[in-house]
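Asks: Take a look at this one; I'll ask things after.
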Amino acid sequence: MKALICMDFENDIVHASGKVSGKGYADFDARHGTLSRVRGVQDRFRAAGLPVIHVRVGFHPGYAQSPKGSPLMGQAHQFGAFDLSGWGGQFIDAVAPQGEELVITKHRVGSFHATAMELTLRNMGVTHVFLAGVATDMVVESTAREAHDRDFAVSVIADCCIAANDEDQQRSLVNMRKLSTILTSDEIELD
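Now the structure itself:
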């Protein structure tokens, strides 16, 4: 079975008013129209009766799960970023979960680390994951590597991924070609 995994499409990251969107993620979406493509792919998976799984990164108030020594997320508590109880930790409306779609919360970069991702995919009978997310060179690449090493077939939907800039996007896609199929939203076959 195939499943779509949509990662870190949160207000703090991709909304123009988000706490870290200034790194370039909101601008990338504005230039490339990524969120509208993600929504189209979500709708195709839903229509085909295939799972759409949503992943978010964040921390509960108090930031007990925050890796304070991390150069990437170590200062989130100082800025109130990725607060799961607030607007910033919620999914951006354009690609938010619908109905009873599964949401997995993570506290690190990859979607498998210390989450029920693998257990969930195995229980659902998923063998092939399609990845969309932000940032391409962070959560998408990390999750692609982890999924590959757990023997899932991995497809990265290039035009459904957002990076801080075009250079980061291309570099990460080149890296992932070694362990996944890189395709566009128009090339997805769900039959």
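Here the sequence shown is numbered in my numbering, starting from 5 and rising by one per residue. Here a beta-carbon is modelled for each residue, glycine too, at the ideal position from N, C-alpha and C.
Hey, Thr4 and Ser159 are a contact pair by Cβ (cut 8 angstroms); roughly how many whole angstroms apart?
Replies: With the chain covering 5 to 195 only, the question about residue 4 has no answer from this structure.
Asks: Do you know how far the Cα of Lys182 is from the Cα of Gly103?
Replies: Distance between the alpha carbons of Gly103 and Lys182 is about 35 angstroms.
Asks: Helix, strand or coil for Glu105, going by three-state DSSP, please let me know.
Replies: Correct three-state label for Glu105: coil.
Asks: Please list the terminal residues of the continuous alpha helix (DSSP H) segment that includes Ser153.
Replies: With the sequence shown as reference, residue 153 is identified as Asp, and Ser is not the correct amino acid for it. Run containing Asp153: Glu145 to Asp153, per the alpha helix (DSSP H) assignment.
Asks: Given this structure, state the Cα-to-Cα distance separating Thr119 from Asp195, to the nearest angstrom.
Replies: Their Cα atoms are separated by approximately 29 angstroms.
Asks: Taking the CB atoms as reference points, tell me whether Asp190 and Ala167 lie closer together than 8 angstroms.
Replies: Contact flag unset, no.
Asks: Is it right to say Leu123 is buried, meaning 16 or more other beta carbons lie within 10 angstroms of its own, or is it exposed?
Replies: Classification for Leu123: exposed.
Asks: With DSSP as the reference, label Ala157 as helix, strand or coil.
Replies: DSSP places Ala157 in strand when its eight states are reduced to three.
Asks: Mind pulling the alpha helix (DSSP H) runs of 4 or more residues that sit fully within the region 30 to 83?
Replies: With a minimum length of 4 residues, the continuous alpha helix (DSSP H) runs that stay inside the region 30 to 83 are 38 to 51 and 80 to 83.
Asks: Could you tell me whether the region 78 to 92 touches the region 31 to 45, where touching means 3 or more Cβ pairs closer than 8 angstroms?
Replies: The answer is no - the region 31 to 45 does not touch the region 78 to 92, with fewer than three Cβ pairs under 8 angstroms.
Asks: Between Pro65 and the rest of its own chain, which residues show a CB-CB distance below 6 angstroms, the 5 nearest in sequence each way excluded?
Replies: For Pro65, where only same-chain residues beyond five positions count, the Cβ hits under 6 angstroms are Ser89.
Asks: Given that a residue counts as buried once 16 or more other Cβ atoms are within 10 Å of its Cβ, and exposed if not, what is Glu193?
Replies: So Glu193 counts as exposed.
Asks: Write down the C-beta distance between Asp16 and Val59 rounded to the nearest angstrom, noting that I regard them as a contact closer than 8 angstroms.
Replies: So it is not a contact: roughly 14 angstroms between Cβ atoms.
Asks: Among the residues of its own chain, which have a CB less than 6 angstroms from the CB of Lys6, if the five just before and after it don't count?
Replies: So the qualifying residues of the chain are Leu54 and His132.
Asks: Is DSSP giving Val178 helix, strand or coil here?
Replies: Helix, per DSSP.
Asks: Could you tell me which of Val18, Lys27 and Lys23 sits nearest to Asp33, measuring between CA atoms?
Replies: The shortest C-alpha separation from Asp33 is found at Val18.
Asks: His111: buried (16+ other C-beta within 10 angstroms of its C-beta) or exposed?
Replies: Looking at its Cβ environment, which holds 16 or more other Cβ atoms inside 10 Å, His111 is buried.
Asks: Could you name the residues that DSSP lists as bridge partners for Glu219?
Replies: Missing from the structure shown is residue 219; the chain here goes from 5 to 195 and no further.
Asks: Would you please state the rounded distance, in angstroms, between the beta carbons of Asn169 and Gly28? I believe it to be under 8 angstroms.
Replies: Sure, about 5 angstroms apart at Cβ, within 8 angstroms.
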